[in-house]
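A.B. asks:
In this note's numbering, the protein residues as written are 5 to 334.
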């Protein structure tokens with residue numbers, strides 16, 4: 005007879021579960037690898053649904069193979085029937101059919117915030133891009149709580165006929181997203197003078213939060229998945245949207261600052277930078293007194309204890325109510 009240890013588990017101390025739909029990335033640059041490591045770093049347990057697989061290295065995406073929508077649906081529903089999720093993230097899912105399947109699942113869990121991340125699809129065929137973006141816009145945006153994407157990507161997608169000589173602002177893009185039911189949009193990578201970029205959280209009526217960072221003199225892959233995954237996990241952990249955005253941007257900045265070069269292509273974010281030994285730590289000095297060994301437990305690896313102020317998982321009072329997905333449908 006199997007031993008039942010469920011009574012020994014304290015549900016109050018268990019990490020919140022977060023479901024993510026994304027493609028497998030064998031390079032580890034983005035996709036589910038980014039989601040799993042970033043969500044774990046933010047104190048969540050990822051429920052990772054494989055929607056397909058990239059063929060890629062650290063430089064470029066060569067091809068993508070989408071899973072059948074039935075396989076995607078069964079993965080998600082079986083997990084959600086067993087475990088309670090606190091939020092849902094949707095990354096690149098490979099086909100309009102998968103988008104439709106995920107939209108149906110999201111509608112059944114409309115109380116959960118849905119975070120939609122739109123990466124650049126410039127590597128893909130034009131006809132596939134158009135079909136994918138049309139399906140995403142019509143089926144998933146009406147259920148999204150927050151849309152995340154790079155300024156140029158969202159501009160070309162949501163404002164293709166932009167009439168002005170000036171670039172659209174984050175609020176302009178948020179207004180365009182709101183026409184499809186999205187209440188909040190996080191626009192990243194907005195060019196600023198003097199080698200800075202801005203990241204702006206906006207609603208159609210106003211800018212809610214912005215933070216600029218100095219541009220790195222390097223080419224990174226996987227930043228968008230890292231940011232969106234961490235932000236989703238922080239929302240599921242009880243942060244209000246402004247705090248989650250600030251903490252996720254700080255986490256991304258430190259991941260990029262600790263980035264590494266595993267292959268011949270781009271630099272990848274080190275999403276587990278907080279777990280690396282500090283070379284300045286006196287405890288690492290060979291002449292320092294040895295501390296007694298302590299077993300490493302999940303509690304000892306709690307993110308707030310290691311990262312400090314990078315991810316403070318004590319939620320603050322929201323300055324506005326965060327709607328779940330499905331509350332702004334037309």
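The C-beta atom is built at its ideal place from N, Cα and C for all residues, glycine as well.
Please classify residue 170: is it buried, with 16 or more other beta-carbons within 10 angstroms of its beta-carbon, or exposed?
C.D. replies: Position 166 of the chain shown, counting from 1, holds the residue named residue 170. With fewer than 16 Cβ atoms within 10 Å of its Cβ, residue 170 is classed as exposed.
A.B. asks: Among 252, 198, 23, which residue has its Cα nearest to the Cα of residue 110?
C.D. replies: Within the chain shown, residue 110 is the residue found at index 106, counting from 1. Closest by alpha carbon: 23.
A.B. asks: In terms of residues, what are the limits of the alpha helix (DSSP H) holding residue 100?
C.D. replies: Locating residue 100 in the chain shown gives position 96, counting from the first residue. Run containing residue 100: 100-112, per the alpha helix (DSSP H) assignment.
A.B. asks: Just verifying my parser: in three-state terms, what is the DSSP assignment at residue 340?
C.D. replies: Any property of residue 340 remains undetermined from this structure, which presents the chain solely from 5 to 334.
A.B. asks: Suppose you measure from the CA of residue 310 to the CA of residue 168; what does that come to, to the nearest Å?
C.D. replies: Your numbering for residue 310 matches position 306 in the chain shown. Your numbering for residue 168 matches position 164 in the chain shown. Its pLDDT being 31, under 50, residue 310 is placed unreliably in this model, and the coordinates cannot settle the point.
A.B. asks: For the stretch 225-236 and the stretch 150-161, state whether three or more C-beta atom pairs, one from each stretch, are separated by less than 8 Å.
C.D. replies: Flag = yes, the stretch 225-236 and the stretch 150-161 touch.
A.B. asks: In terms of residue numbering, what span does the alpha helix (DSSP H) encompassing residue 214 cover?
C.D. replies: Taking the chain shown and counting its residues from 1, one reaches residue 214 at position 210. Here residue 214 belongs to no alpha helix (DSSP H); instead the beta strand (DSSP E) covers 211-218.
A.B. asks: How about residue 272 and residue 263: do their beta carbons lie closer than 8 Å?
C.D. replies: Within the chain shown, numbered from 1, the residue matching residue 272 stands at position 268. Within the chain shown, numbered from 1, the residue matching residue 263 stands at position 259. Cβ atoms of residue 272 and residue 263: closer than 8 Å.
A.B. asks: Comparing alpha-carbon positions, which option in 73, 241, 66, 79 lies nearest residue 101?
C.D. replies: Within the chain shown, numbered from 1, the residue matching residue 101 stands at position 97. Answer by Cα proximity: 73.
A.B. asks: Alpha carbon to alpha carbon, what distance is there between residue 172 and residue 163?
C.D. replies: Taking the first residue of the chain shown as 1, we reach residue 163 at position 159. Taking the first residue of the chain shown as 1, we reach residue 172 at position 168. Distance between the alpha carbons of residue 163 and residue 172: 8 Å.
A.B. asks: Roughly how far, in whole angstroms, is the beta-carbon of residue 235 from the beta-carbon of residue 92, given that I think they are within contact range, below 8 Å?
C.D. replies: As a first step, residue 235 must be located in the chain shown, where it is residue number 231. As a first step, residue 92 must be located in the chain shown, where it is residue number 88. At roughly 12 Å, the Cβ-Cβ gap does not stay under 8 Å, so residue 235 and residue 92 are not in contact.
A.B. asks: Are the CB atoms of residue 25 and residue 133 within a distance shorter than 8 Å?
C.D. replies: As a working mapping, residue 133 is identified with position 129 in the chain shown. As a working mapping, residue 25 is identified with position 21 in the chain shown. It is not a contact, given that the beta carbons lie outside the stated cut-off.
A.B. asks: Only counting runs of 4 or more residues, tell me where the alpha helix (DSSP H) segments fall wholly within the stretch 171-207, in order along the chain.
C.D. replies: For the stretch 171-207, whole alpha helix (DSSP H) runs of length 4 or above, ordered along the chain, are 174-182.
A.B. asks: Taking residue 28 as part of the beta strand (DSSP E), name the residues at either end of that continuous run.
C.D. replies: Taking the first residue of the chain shown as 1, we reach residue 28 at position 24. That run of the beta strand (DSSP E) goes 20-28.
A.B. asks: Leaving out the 5 sequence neighbours to the left and right, which residues in its chain are closer than 6 Å to residue 36 when beta-carbon positions are compared?
C.D. replies: What you label residue 36 is simply residue 32 of the chain shown in a count that begins at 1. The answer, listed in chain order, is 26, 28, 52.
A.B. asks: Comparing C-alpha positions only, which one of 108, 32, 128 sits nearest to residue 267?
C.D. replies: Looking up residue 267 in the chain shown gives position 263. Nearest C-alpha to residue 267: 32.
A.B. asks: Looking at residue 179: is its Cβ nearer than 8 Å to the Cβ of residue 202?
C.D. replies: Position 175 of the chain shown, counted from the start, is the residue given in the question as residue 179. Position 198 of the chain shown, counted from the start, is the residue given in the question as residue 202. It is not a contact, given that the beta carbons lie outside the stated cut-off.
A.B. asks: Grouping DSSP H, G and I as helix and E and B as strand, with all else coil, what is residue 160?
C.D. replies: The residue labelled residue 160 in the question sits at position 156 within the chain shown. Residue 160: helix per DSSP, three-state reduction.
A.B. asks: Indicate whether residue 174 and residue 191 have their beta-carbon atoms separated by less than 8 Å.
C.D. replies: Within the chain shown, residue 174 is the residue found at index 170, counting from 1. Within the chain shown, residue 191 is the residue found at index 187, counting from 1. Cβ atoms of residue 174 and residue 191: closer than 8 Å.
A.B. asks: In this structure, how does DSSP classify residue 223 when only helix, strand and coil are distinguished?
C.D. replies: Against the chain shown, residue 223 aligns to sequence position 219. Here residue 223 sits in coil by DSSP.
A.B. asks: Within 10 Å of its beta-carbon, does residue 184 have 16 or more other beta-carbons around it, so buried, or fewer, so exposed?
C.D. replies: As a working mapping, residue 184 is identified with position 180 in the chain shown. The residue in question, residue 184, is buried, as its Cβ has 16 or more Cβ neighbours within 10 Å.
A.B. asks: Between the C-alpha atoms of residue 97 and residue 270, what's the straight-line distance to the nearest angstrom?
C.D. replies: Your numbering for residue 97 matches position 93 in the chain shown. Your numbering for residue 270 matches position 266 in the chain shown. Distance between the alpha carbons of residue 97 and residue 270: 23 Å.
A.B. asks: So residue 59 is in the beta strand (DSSP E); what residue range does that whole segment cover?
C.D. replies: Residue mapping note: residue 59 aligns to position 55 of the chain shown, counting from 1. Taken as a continuous stretch (DSSP letters only), the beta strand (DSSP E) holding residue 59 covers 48-60.
A.B. asks: Do residue 90 and residue 240 have their CB atoms nearer than 8 Å?
C.D. replies: Mapped onto the chain shown, residue 90 falls at position 86. Mapped onto the chain shown, residue 240 falls at position 236. Cβ atoms of residue 90 and residue 240: closer than 8 Å.
A.B. asks: Could you check the C-alpha separation between residue 44 and residue 275 for me, to the nearest Å?
C.D. replies: Looking up residue 44 in the chain shown gives position 40. Looking up residue 275 in the chain shown gives position 271. So the alpha carbons of these two residues sit roughly 10 Å apart.
A.B. asks: In chain order, what residues of the same chain have a beta carbon less than 6 Å from the beta carbon of residue 140, not counting five sequence neighbours either side?
C.D. replies: Along the chain shown, read from residue 1 onward, the residue named residue 140 stands at position 136. Contacts found: 103.
A.B. asks: Could you spell out where the beta strand (DSSP E) holding residue 43 opens and where it closes?
C.D. replies: Translated into positions along the chain shown, residue 43 becomes position 39. Per DSSP, residue 43 belongs to no beta strand (DSSP E); it is in the alpha helix (DSSP H), 35-45.
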